Amino acid sequence: MTTIQWFPGHMSKARRQVQENLKFVDFVTILVDARLPLSSQNPMLTKIIGDKPKLIILNKVDLADSTCTAEWCNFFEKQGIKALAVNSKEQSAVKKVTEAAKGLMTDKLVKLRERGIQKETLRTMIVGIPNVGKSTLMNRLAGKKIAIVGNKPGVTKGQQWLKSNKNLEILDTPGILWPKFEEEAVGLKLAMTGAIKDNLLPMDEVTIFGLDFFKRYYPERLLERYKGIDLEEEAPEIIMSMTQKLGFRDDYDRFYQVFIKDVRDGRLGCYTLDRLVELDGND
C-alpha cells in the first residue's frame, strides 16, 4: 500500500497555533476515538504537548468494545496519563470531564492555595484528529448556546475560548491530522471508522483488513450478519463468494460498500480496532 501523505496548509497553521497557545492552558485534553485509542492520536501533537499535564478522553465509548476500553484506560493510567471514557452525546459527559480535570490538577491547585492564590477556573485545550467527535463534545460542554469567553489570549481564526461552567474554560482547536502514516495498519483503521476520506485508500484493502480483523476477534458476528459466509476462506475469497451470494454478480465494489457501512453503522456490534496484545511491548 502506498504511504498516504498530505499536509494541508490549515493543518500546518493549526499545529503552530497549538504550540503557541500551550502556555495559556493548565492542561491539554486529548480526544481520541475509543475504538482507536492509539491510532487516533496525532503523534505530531503528542510531541508538541510534551510534559504538559494531559487528560485523554476516549470518546464514542458506546461504539467500542467495553472490555477493551477498560483495558486502555488502565494502560494510560499506568503511563501516568489521566484517562476517561465518555459518550459525548450524553449530558453526563460534562460532569465526568469537569471532575477528571479537577482530579488531574489537584496538586497544582493545592500548591496555589498554599501561596494564597485561589484558582476557581481551569483552562484546557482540546486537541484531536477529525471525526473523533470533538464538535459534539464541545457543544455538550458549552451547552446548546456556545459561550465565547471574552477577550482572552489565544483567540485566533479557527480557535475560540468556550466556557463550560465556572470550573472549566476550553480552547477549541481544529481537527489536525499528521503529514503521513508510517504504519499501514493505522491508515486502514482510520479508514475503517471513516476518520479519513474514502478516496484516500483502496476500499478493497480496507475491506480485507476489516474482514481479517472481525474473523480474528468477532467471528460470530460475521456468521450472524452474512449468511453462508465461510470463515475458513481467506478474505479475498470471502469477498468473491459473498459478492455472488448477495446477488451483486462481479460488482465487488458493492460488497466493499455494504461491509464498510455495516461496520460503521454498528451492524457488526461494538468493536475496538486497537488491541493492547498487538503493542509488542511498544509504548
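Letter by letter, the sequence shown follows residues 1 to 283 in the UniProt record's numbering. Virtual Cβ for every residue (Gly too), placed ideally from N, Cα, C. All of these numbers come straight from a predicted model, not from anything done at the bench.
- Excluding five sequence positions before and after Arg35, the CB atoms of its chain that fall closer than 7 Å to its own CB belong to Lys60, Leu63, Ala64, Thr193, Tyr271, Thr272 and Leu273, given in chain order.
- Boundaries of the alpha helix (DSSP H) around Ile49: Pro43 to Ile49.
- Where Ala191 is concerned, there is no enclosing beta strand (DSSP E), although the alpha helix (DSSP H) around it starts and stops at Glu184 to Thr193.
- Assigned with DSSP and collapsed to three states, Arg123 falls in strand.
- DSSP, read as helix, strand or coil, puts Thr29 in strand.
- Lys95 is not bridged by DSSP to any residue.
- When DSSP states are grouped into helix, strand and coil, Ala64 belongs to the coil group.
- CA-to-CA, the gap between Asp198 and Glu205 works out to about 11 Å.
- A direct Cα-to-Cα measurement between Glu220 and Lys261 gives close to 18 Å.
- Under the three-state reduction of DSSP output, Leu84 falls in the strand class.
- Here DSSP, grouped into helix, strand and coil, assigns Leu231 to coil.
- Counting of Cβ neighbours within 10 angstroms places Thr124 among the buried residues, the total reaching 16 or more.
- Within the DSSP secondary-structure output, Asn59 pairs in a beta bridge with Asp33.
- Excluding five sequence positions before and after Ala100, the CB atoms of its chain that fall closer than 7 Å to its own CB belong to Leu55, Lys82 and Leu84, given in chain order.
- For Lys197, no alpha helix (DSSP H) run applies, since DSSP gives it neither H nor E.
- In the three-state DSSP reduction, Lys245 falls in the helix class (H, G or I).
- Arg254 and Thr207 have their C-alpha atoms some 11 Å from each other.
- Residue pairing by DSSP places Lys54 opposite Val28 in a beta bridge.
- Looking at the backbone, the Cα of Phe27 and that of Glu71 are separated by about 24 Å.
- Annotation: the continuous alpha helix (DSSP H) that includes Leu223 extends over Pro219 to Arg225.
- Per DSSP, the unbroken alpha helix (DSSP H) holding Met138 starts and ends at Lys134 to Ala142.
- Counted as a single uninterrupted DSSP element, the stretch harbouring Leu276 is not any alpha helix (DSSP H), since DSSP gives it neither H nor E.
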